[in-house]
Amino acid sequence: MKIIIVGCGKVGSTLLSSLALEGHDVVAIDSDPTVVDSITNIYDVMGVSGNGADCAVLDEAGADKAELFIAVTGSDELNMLSCFIAGKMGASHTIARIRKPEYNDRSLGFMRQQLGLSMSINPELLAAQELFNILKFPSAVKIETFARRNFAMIELRLRDGSPFVGEKLSELRAAFGTKFLICTVQRGGGVYIPDGNFELQAGDKIGLTATLSELQKLLKNMGIPQKKAKHVMILGGSRTAYYLAKMLTNTGSNVKIIEKEQQVCDELCDALPKAVVIHGDGTGQELLLEEGLASMDAFVSLTGMDEENILLSFFASSQEVPKVIAKVNRDELGAMAERLGLDTKVSPKNIISDVIVRYARALENSLGSPVETLYNLMDGAAEALEFIVNGDSRITGIPLRDLPTKRGILIAGIFRERKPIIPSGDDMILPGDRVIVIAAGQRLRDLSDIV
Amino acid sequence: MNRRMILYTLGKLMQIEAILLVVPLAVGGIYGENVLSFVITALSAAGIGTLFVLISPPRTRVIYAKEGFIIVALAWLFLSALGALPFYLSREIPNYVDAFFETVSGFTTTGASILPDPSSLSHGTAFWRSFTHWIGGMGIIVLCMAMIPSLSARSIHIMRAEMPGPIVGKLVPRARDTAKILYLIYVAMTIVQIIMLCVGGMNLFDSAVYSFGTAGTGGFAVSADSCGSFTPYIQNTITVFMFLFGVNFNLYYLLIFKRGRSILKSEELWAYFGIAAASITIIAVNIYPTYKSASDSLRLSAFQVGSIMSTTGYSTADFNLWPGLSKAVLLLLMFFGACAGSTAGGLKISRVVLLIKMIRCNLRKLIHPRYVGTVQLEGKTVNEETQRSVANYFALYAFILGSIFLLLSFEPFGIETNLSAAISCFNNVGPGFGFVGPASSYADYSAFSKLVLSFAMLLGRLEIYPVLFLIAPSTWSRK
Numbered sequence: 053m054k055i056i057i058v059g060c061g062k063v064g065s066t067l068l069s070s071l072a073l074e075g076h077d078v079v080a081i082d083s084d085p086t087v088v089d090s091i092t093n094i095y096d097v098m099g100v101s102g103n104g105a106d107c108a109v110l111d112e113a114g115a116d117k118a119e120l121f122i123a124v125t126g127s128d129e130l131n132m133l134s135c136f137i138a139g140k141m142g143a144s145h146t147i148a149r150i151r152k153p154e155y156n157d158r159s160l161g162f163m164r165q166q167l168g169l170s171m172s173i174n175p176e177l178l179a180a181q182e183l184f185n186i187l188k189f190p191s192a193v194k195i196e197t198f199a200r201r202n203f204a205m206i207e208l209r210l211r212d213g214s215p216f217v218g219e220k221l222s223e224l225r226a227a228f229g230t231k232f233l234i235c236t237v238q239r240g241g242g243v244y245i246p247d248g249n250f251e252l253q254a255g256d257k258i259g260l261t262a263t264l265s266e267l268q269k270l271l272k273n274m275g276i277p278q279k280k281a282k283h284v285m286i287l288g289g290s291r292t293a294y295y296l297a298k299m300l301t302n303t304g305s306n307v308k309i310i311e312k313e314q315q316v317c318d319e320l321c322d323a324l325p326k327a328v329v330i331h332g333d334g335t336g337q338e339l340l341l342e343e344g345l346a347s348m349d350a351f352v353s354l355t356g357m358d359e360e361n362i363l364l365s366f367f368a369s370s371q372e373v374p375k376v377i378a379k380v381n382r383d384e385l386g387a388m389a390e391r392l393g394l395d396t397k398v399s400p401k402n403i404i405s406d407v408i409v410r411y412a413r414a415l416e417n418s419l420g421s422p423v424e425t426l427y428n429l430m431d432g433a434a435e436a437l438e439f440i441v442n443g444d445s446r447i448t449g450i451p452l453r454d455l456p457t458k459r460g461i462l463i464a465g466i467f468r469e470r471k472p473i474i475p476s477g478d479d480m481i482l483p484g485d486r487v488i489v490i491a492a493g494q495r496l497r498d499l500s501d502i503v
Numbered sequence: 104m105n106r107r108m109i110l111y112t113l114g115k116l117m118q119i120e121a122i123l124l125v126v127p128l129a130v131g132g133i134y135g136e137n138v139l140s141f142v143i144t145a146l147s148a149a150g151i152g153t154l155f156v157l158i159s160p161p162r163t164r165v166i167y168a169k170e171g172f173i174i175v176a177l178a179w180l181f182l183s184a185l186g187a188l189p190f191y192l193s194r195e196i197p198n199y200v201d202a203f204f205e206t207v208s209g210f211t212t213t214g215a216s217i218l219p220d221p222s223s224l225s226h227g228t229a230f231w232r233s234f235t236h237w238i239g240g241m242g243i244i245v246l247c248m249a250m251i252p253s254l255s256a257r258s259i260h261i262m263r264a265e266m267p268g269p270i271v272g273k274l275v276p277r278a279r280d281t282a283k284i285l286y287l288i289y290v291a292m293t294i295v296q297i298i299m300l301c302v303g304g305m306n307l308f309d310s311a312v313y314s315f316g317t318a319g320t321g322g323f324a325v326s327a328d329s330c331g332s333f334t335p336y337i338q339n340t341i342t343v344f345m346f347l348f349g350v351n352f353n354l355y356y357l358l359i360f361k362r363g364r365s366i367l368k369s370e371e372l373w374a375y376f377g378i379a380a381a382s383i384t385i386i387a388v389n390i391y392p393t394y395k396s397a398s399d400s401l402r403l404s405a406f407q408v409g410s411i412m413s414t415t416g417y418s419t420a421d422f423n424l425w426p427g428l429s430k431a432v433l434l435l436l437m438f439f440g441a442c443a444g445s446t447a448g449g450l451k452i453s454r455v456v457l458l459i460k461m462i463r464c465n466l467r468k469l470i471h472p473r474y475v476g477t478v479q480l481e482g483k484t485v486n487e488e489t490q491r492s493v494a495n496y497f498a499l500y501a502f503i504l505g506s507i508f509l510l511l512s513f514e515p516f517g518i519e520t521n522l523s524a525a526i527s528c529f530n531n532v533g534p535g536f537g538f539v540g541p542a543s544s545y546a547d548y549s550a551f552s553k554l555v556l557s558f559a560m561l562l563g564r565l566e567i568y569p570v571l572f573l574i575a576p577s578t579w580s581r582k
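Those protein sequence lines, which keep their order, are chains A and B. Just so you know, we're using my numbering here: the first sequence kicks off at 53 and counts up by one. Just so you know, we're using my numbering here: the second sequence kicks off at 104 and counts up by one.
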């Protein structure tokens with residue numbers, strides 16, 4: 053599929069690397085020739101330098117034949133304009149990054165319609181939603197929902213003394229009396245799709261699926277506190293912080309935001325009457341302690357600097373804050389921090405990249421069983437995908453035990469007639485089902501790819 | 104440095120060479136010749152290649168520009184060393200250094216030969232000799248990229264090291280598709296030429312061999328007088344195709360798949376045909392007293408200009424006997440070469456144009472110290488870095504040419520022969536003047552000089568840097 057990406061910043065380059073790896077023909081446009089040069093050196097894409105809203109530039113990139121046009125420059129207005137022009141030139145689908153809160157208000161639907169956008173994405177809002185989900189289940193490293201929020205997949209890190217440690221998977225389900233499925237295990241550098249004989253160890257990061265109600269029960273049985281975070285401290289008054297604080301205060305949590313710019317503090321104060329806004333430099337430990345860091349349920353570090361976020365998260369952990377989350381945009385830093393013991397991190401650019409890759413895959417096969425939802429698990433080593441089954445005789449009607457799936461494929465959940473099923477060997481896939489598949493080491497485009 | 108990936112890629116390339124060797128093997132078989140030399144070579148190429156692939160599975164496929172250069176330089180050396188075996192094993196060229204020279208000359212599309220009479224070669228060997236031109240013309244690595252699904256996501260580094268020209272861009276987003284399109288155009292043009300030569304009454308074998316020589320802008324002929332005894336129709340057809348293969352292939356892509364008109368705006372194309380037209384006129388007028396016929400002098404002049412400018416090296420007349428002015432023009436054309444992104448050698452027209460524009464801009468700056476000016480090529484401003492790299496390339500080019508000339512001067516042939524041999528081999532043309540003129544061969548040079556010239560041909564074809572990095576000690580130290 054031919055895809056054009058305007059803007060090769062953090063988000064743009066993450067996107068073009070994952071889309072090029074998916075095998076698409078990607079053309080990147082950026083106003084800075086040196087950026088274009090370095091990008092074409094690293095990735096197998098074509099580069100055009102120039103203004104992304106300039107017809108001549110778009111023409112050179114071949115916007116008239118593009119099936120997907122994505123504008124992710126730093127400026128909302130430029131994104132909207134270049135999507136609008138590309139759409140008029142003949143690009144079939146356009147996606148613009150629109151991040152200003154005022155555009156994301158009531159005017160969004162109108163603008164999207166008038167500009168002919170297929171989708172608008174707001175990285176800060178998406179990141180805030182992910183943070184909000186995590187704070188609802190503070191014990192999880194990450195939580196994703198499927199099938200209209202009926203299924204959940206959470207990533208947990210097993211600590212010493214967890215009842216899972218030392219158990220074989222085949223015995224776990226009976227021992228806990230609830231229905232759940234362990235789909236992925238990350239140990240050392242590798243990611244495994246475990247079978248019944250797999251034995252869990254302390255330090256493993258596991259991904260498990262269950263229905264939302266079963267999940268509550270399971271976590272209780274495991275002795276993991278699952279109270280949602282009631283008192284949250286947010287460092288840095290970014291847009292993500294604003295969206296997150298709004299969601300948290302609306303559900304009754306207490307939020308304290310620490311921000312060092314007076315003007316930003318004033319704006320936050322106006323927009324978030326229920327939150328407590330503190331003006332001060334959050335990198336000073338004294339200030340954090342004075343504001344009661346030690347008694348918080350959760351600490352979320354959202355400053356613009358990855359390094360600050362990581363270091364302050366370690367400080368918060370040392371003060372025994374139960375849940376600590378850092379925003380880390382650079383993948384290599386995130387991986388290092390995790391090795392040092394950082395528990396949970398969010399990366400806005402990876403969240404967007406998930407969303408757009410899913411969109412591209414759904415475009416590619418609107419005939420078969422298209423991808424409904426896609427999440428990257430275990431730092432991108434595995435994927436969880438949700439499909440709607442459109443009647444494929446090769447896989448439907450066969451008990452899962454007899455289905456010859458490829459290595460690294462696991463059917464993690466089936467949602468049939470509004471009822472979630474955690475599948476065992478006797479269950480089968482039927483037309484009309486929503487199916488959740490975990491895939492490690494391969495990229496699925498269609499449900500039939502699993503056999 | 105990712106040594107495993109280098110070895111692995113080399114292994115893959117040798118496997119490809121083994122497959123390519125099947126073609127001359129089949130040709131030899133059709134003519135009922137002894138093809139044992141090809142069987143042995145193909146098997147050893149496949150064997151060594153597979154060994155490399157097996158002993159060196161890469162831990163990571165990530166490579167950088169440095170590895171790209173090394174892979175290309177080593178690949179060309181290894182493939183030439185293996186490609187020389189059929190000549191040597193069949194005893195048709197009994198000396199291995201001679202066989203190596205001939206093969207390097209083939210792959211680098213130079214066309215300089217040590218054979219006084221190539222018509223004595225068997226069909227299979229003669230076919231392989233010209234087939235190396237065709238393979239080397241567009242580049243063996245580009246061929247592999249078109250054939251093997253993604254050697255590496257960063258294969259652009261390898262491609263860039265092999266493709267000539269100051270700026271190498273992609274036609275389409277994926278490197279593999281770009282390689283495929285280039286080869287598609289290349290194959291199609293070669294087939295058209297074969298058909299047109301057959302129509303002119305040439306037999307299929309000769310048509311194929313001469314078309315390979317033209318397409319790769321190589322110049323190996325299978326008769327001692329190159330193209331001298333052909334009919335005017337065949338000579339003119341070859342002239343046209345020599346010029347066509349000297350045009351940037353990107354322009355053909357634009358012509359076929361995009362708007363055809365935009366190629367008329369190409370500055371390089373205009374310069375190319377402008378220089379060609381001027382040279383043809385000068386030489387035609389200059390040689391008119393010798394041939395006493397306007398149509399003959401024009402035909403001979405056009406053929407020779409096309410042959411030298413595209414760095415092919417065919418000849419229809421012994422231009423060694425032409426007046427001094429014609430020889431001087433031809434010698435200058437050897438430097439210019441044809442367009443970047445074609446199969447030709449030389450400095451490339453775009454570099455020459457760019458150098459002239461840079462000189463003009465810098466002269467203005469000397470006269471008006473506060474003068475602000477940019478250098479533009481094809482309607483786009485050329486940034487300082489590209490300008491610096493072109494100037495640097497030119498300096499290096501001149502320096503290396505001088506060194507080659509110096510190393511050849513141990514031979515007792517005099518300045519004209521040695522200098523023209525150095526220029527001709529370094530620019531991948533083929534014939535020179537004096538004792539290495541179109542009517543004679545490189546057979547009289549010593550083994551040492553033949554190796555120097557082989558090296559010169561590799562330096563010229565790969566545009567210096569890959570070979571230079573290969574011999575630089577700092578590339579190999581672990582620090």
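Cβ atoms here follow ideal geometry from the backbone N, Cα and C, with glycine treated the same way.
Beta-carbon contacts of residue i that lie in its chain and below 6 Å, excluding the five residues immediately before and after
i	result
L556/B	C528
V237/A	Y244, P246, D256 and I258
S353/A	L287, N361, L364, S365 and A378
A80/A	I57, C60, L68, I91, V97 and G99
A249/B	A282, K283 and Y286
Contact under 9 Å by Cβ, residue i with residue j
i	j	result
A405/B	T477/B	no
F235/B	L192/B	The question names Phe, but residue 235/B in the sequence shown is Thr. Contact: no.
Y427/A	A436/A	yes
G537/B	F516/B	yes
S405/A	S70/A	yes
L434/B	I503/B	no
E251/A	M430/A	no
M285/A	G344/A	yes
A346/A	V307/A	no
E120/B	G152/B	yes
P475/A	A464/A	yes
T578/B	M104/B	yes
Unbroken beta strand (DSSP E) run spanning residue i, endpoints
i	result
E311/A	N306 to E311
I158/B	Segment L139 to I158 is the alpha helix (DSSP H) holding I158/B; no beta strand (DSSP E) there.
Q238/A	L233 to R239
F439/A	A434 to I440
Exposure label - residue i; buried when at least 16 CB within 10 Å
i	result
N137/B	exposed
C60/A	buried
Y167/B	exposed
M205/A	buried
Own chain, CB closer than 7 Å to residue i, minus 5 neighbours either side, in chain order
i	result
V312/B	A229, F230, S233 and V325
L436/B	S382, V408, I411 and M412
The alpha helix (DSSP H) enclosing residue i, as first and last residue numbers
i	result
E196/A	E196/A -> not in any alpha helix (DSSP H); beta strand (DSSP E) instead, spanning K194 to F198.
Residue-chain proximity (residue i, chain C), Cβ-Cβ < 9 Å
i	result
N495/B	Considering every chain present, this structure includes no chain C. Its protein chains are A and B.
Do the region 260 to 269 of chain A and the region 320 to 337 of chain A touch if we need at least three Cβ pairs shorter than 8 Å?
no
Spell out a yes or no on whether the region 366 to 386 of chain B and the region 349 to 356 of chain B are touching, meaning 3 or more CB-CB pairs, one atom from each, closer than 8 Å.
Cβ pair count under 8 Å is three or more, so yes.
With a cut-off of 8 Å, do at least 3 Cβ pairs link the region 335 to 347 of chain A to the region 163 to 178 of chain A?
no
Taking three-plus beta-carbon pairs below 8 Å as touching, is the region 145 to 157 of chain A in contact with the region 119 to 131 of chain A?
Contact between the region 145 to 157 of chain A and the region 119 to 131 of chain A is present, because at least three Cβ pairs lie under 8 Å.
Please confirm if the region 447 to 457 of chain B is in contact with the region 546 to 554 of chain B, defined as three or more CB-CB distances below 8 Å between the two stretches.
no
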